[in-house]
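Heads up, the sequence shown is in numbering that gives the first Met the number 0, so the first residue is 0 and it goes up one at a time. By construction, the Cβ of each residue, glycine as well, lies at the ideal position given by its N, Cα and C atoms. What follows is a short report on a single structure.
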Amino acid sequence: MTTKSDVLIIGGGPVGLSCAYYLLKSGRQVTLLDAKDIGKGSGSGNAGHIVPSHIIPLAAPGVVTSALKWMLDPAHSPFGMKVSLDPNYLIWLLKFVLACSQNNVNRSIEPLNQLGQLSARNFAQIIAEEKFDCAYQEKGLLHLFKTEKAFHEGQHEGEFMQKHGIPVSMYDKNKIHEVEPAAVDDVIGGVHFTGDAHLNPAVFLNLLKERIQSMGAELMGGTQVTGFETSNGKVTKVKTTAGDFEAEQIVLAAGALTPSVSKDLKLNIPIQPARGYSLTMSANKTMPSHALILGERRIAVSPMAGLLRFTGRLEVGNYSMEPNPVWLERIENSAREYLRLDEKLDVQETWAGLRPTTPDGVPIIGKSPKHENLFPATGHAMLGLSLAPGTGLVVSQLLNGQEPAFSLSPMRLERFG
Ligand SMILES: Cc1cc2nc3c(=O)[nH]c(=O)nc-3n(C[C@H](O)[C@H](O)[C@H](O)COP(=O)(O)OP(=O)(O)OC[C@H]3O[C@@H](n4cnc5c(N)ncnc54)[C@H](O)[C@@H]3O)c2cc1C
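Below, the structure written as structure tokens:
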């Protein structure tokens with residue numbers, strides 16, 4: 000059986016759902032497929048940070064040195080990597096190392112800033128217009144520091160962001176304890192990205208899924224894409240476990256699995272998974288009042304209306320989505336170094352997810368170089384929730400033949416050669 004659609008979206012994570020929302024708003028018919036439950040994958044248990052301040056890509060000078068140093072302290076390292084001789088993995092690592100340059104930072108700032116700002120505005124608009132109750136808070140993202148060295152580096156980064164128009168406040172020891180009373184006494188300072196926000200991502204994604212369903216989208220969870228047929232520079236068939244699909248246009252938003260999903264298309268999409276974990280508990284007696292980054296430990300903290308979540312670790316090359324109890328315990332211990340927490344946490348959920356990571360830290364958004372009706376929208380790494388509503392809008396503009404809100408050329412797949 001072959002099902003015909005107008006736009007077929009592969010992947011029901013933050014990016015696929017946001018594309019569906021803006022395409023439906025523009026009057027298009029949408030069918031969205033996901034191999035698993037829609038809205039329940041790598042987007043649901045994340046920190047929920049909406050961070051237009053995040054304009055420096057993952058591939059930046061000093062990252063490789065820091066990663067090597069962290070690996071000498073494995074019990075606290077926020078970073079890990081798989082040992083493998085898989086050529087795709089090794090090529091990706093090489094491309095990543097080569098991209099860790101000031102040149103890469105300079106060329107990435109503008110597209111990340113434009114997409115981040117658009118997305119932050121779109122989040123506020125969607126949540127207000129659709130009346131989504133998803134613990135959304137526009138209170139910024141507060142980085143806490145315990146050592147002079149890390150605080151100094153944090154301030155330096157804050158000043159750099161300020162030069163690019165990002166609103167930042169710096170707090171000394173007195174001020175940080177006034178602003179965030181949940182911080183323990185030996186936190187010595189903070190850097191506050193006041194234009195950031197946060198929400199409960201699982202609740203947001205579920206509300207978005209329900210909304211696009213009510214707007215007429217056909218949603219097919221448990222439907223895995225298994226291959227493609229192409230002819231004359233077009234994708235003519237998408238093969239799935241629920242039969243074949245034909246579509247005028249196809250959005251490829253399968254997150255970290257995009258390279259394997261699209262292998263028939265020979266697009267050579269350089270994405271590796273970067274796994275991370277979260278643990279979510281009932282509210283503590285002393286709740287942080289802000290979304291936080293625990294500076295030296297690189298742990299994210301998210302208060303979410305009666306729940307508190309810690310997330311951490313970035314393990315390149317691992318596809319398993321099993322939470323690792325050893326790392327969950329280490330994440331909890333790290334959080335205790337910064338926050339006044341209950342002696343025993345009432346843990347409600349443990350989780351692992353995959354960040355779809357490109358070697359240069361910039362997403363891939365645009366038309367396929369080989370197929371006129373295929374549009375990859377992926378590779379958002381640690382920002383896939385934060386950048387999703389902006390991605391959804393520019394993808395809908397692209398599919399509708401309109402000029403996107405800003406130039407997408409820095410995000411084209413062709414930049415990888
Ligand atoms: C610990 C952690 C914390 C994070 N914190 C944040 C944060 O605070 N802010 C932020 O912006 N981002 C954060 N992220 C990153 C964010 O979660 C990802 O960038 C985001 O989930 C990527 O969205 P996506 O829609 O591209 O891919 P995904 O969320 O991975 O969705 C892709 C979907 O495609 C489906 N799929 C895969 N293969 C197939 C197939 N063959 N057929 C059909 N469907 C398929 C999958 O089932 C999945 O549902 C975090 C990630 C982790 C791991």
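Sequence-distant partners of D171 (beyond 5 residues in either direction) whose C-beta falls short of 7 Å from its own C-beta, in its chain, are G188.
Judged by beta-carbon spacing, L16 lies within the 8 Å limit of G38, meaning their Cβ atoms are closer than that value.
In the DSSP assignment, no residue is bridged to L344. Not one heavy atom of ligand 1 lies closer than 7 Å to the C-beta of S281. If you draw a straight line from the Cα of W350 to the Cα of N317, it comes to about 14 Å. Here DSSP, grouped into helix, strand and coil, assigns R210 to helix.
Note on geometry: alpha-carbon atoms of V183 and I165 lie some 28 Å from one another. Apart from sequence neighbours up to five positions away, the residues of its chain that approach I49 with a beta-carbon distance below 8 Å are S118, A119, F122, D195, A196, H197, L198, L384 and S385, ordered along the chain.
Cβ neighbours of P362 within its own chain (closer than 6 Å, five residues either side excluded): G378, H379 and M410.
For the pair Y21 and L407, the CB atoms are not nearer than the 8 Å cut-off. Y276 is bridged by DSSP to G311 and A351.
No Cβ-Cβ contact shorter than 8 Å links G352 with G26. The beta strand (DSSP E) runs lying completely inside the stretch 60-125 and spanning 3 residues or more are 78-80, given in chain order.
Here Q161 is exposed, its C-beta having fewer than 16 other C-beta atoms within 10 Å.
Beta-bridge pairing by DSSP links G232 to no other residue.
In the three-state reduction of the DSSP assignment, V186 falls in the coil class, being assigned neither a helical nor a strand state. Inter-residue distance for T146 and M381 is about 25 Å (C-alpha atoms, whole angstroms). Judged by pairs of C-beta atoms under 8 Å, the stretch 363-376 does not touch the stretch 300-318, as fewer than three such pairs exist. Counting along the chain, the unbroken beta strand (DSSP E) around H142 starts and ends at L140 to F144.
T239 carries a strand assignment under DSSP once its states are collapsed to helix, strand and coil. CA-CA distance, P302 to A282, rounds to 8 Å. In this structure, N112 has its CB at a distance of at least 7 Å from all heavy atoms of ligand 1.
Residue side-chain check: N399 keeps its Cβ at 7 Å or more from all non-hydrogen atoms of ligand 1. Within 7 Å of the C-beta of H142 there is not a single heavy atom belonging to ligand 1. Counting along the chain, A19 sits inside no beta strand (DSSP E); it lies in the alpha helix (DSSP H) bounded by residues P13 to K24. The Cβ neighbour count for T1, taken over all protein chains shown within 10 Å, is under 16; the residue is labelled exposed.
Looking at A149, E177 and V167, the one whose alpha-carbon comes closest to that of G157 is V167. Ligand 1 approaches A253 closely enough that one of its heavy atoms is under 7 Å from the residue's Cβ. Within the stretch 149-197, the runs of alpha helix (DSSP H) at least 4 residues long that lie entirely inside it are, in chain order, 172-178. A direct Cα-to-Cα measurement between A252 and K148 gives close to 40 Å. Cβ-Cβ distances below 8 Å link G305 to S281 and A282 in the same chain, with the five nearest sequence neighbours on each side left out; the list follows chain order. The shortest C-alpha to C-alpha distance from Q136 to any of I175, T193 and P269 is the one to T193. In the DSSP annotation of this structure, the continuous segment of the alpha helix (DSSP H) that includes T390 starts and ends at A387 to L398.
With a cut-off of 7 Å, the C-beta of G316 is classified as distant from ligand 1, since no heavy atom of the ligand falls inside that distance.
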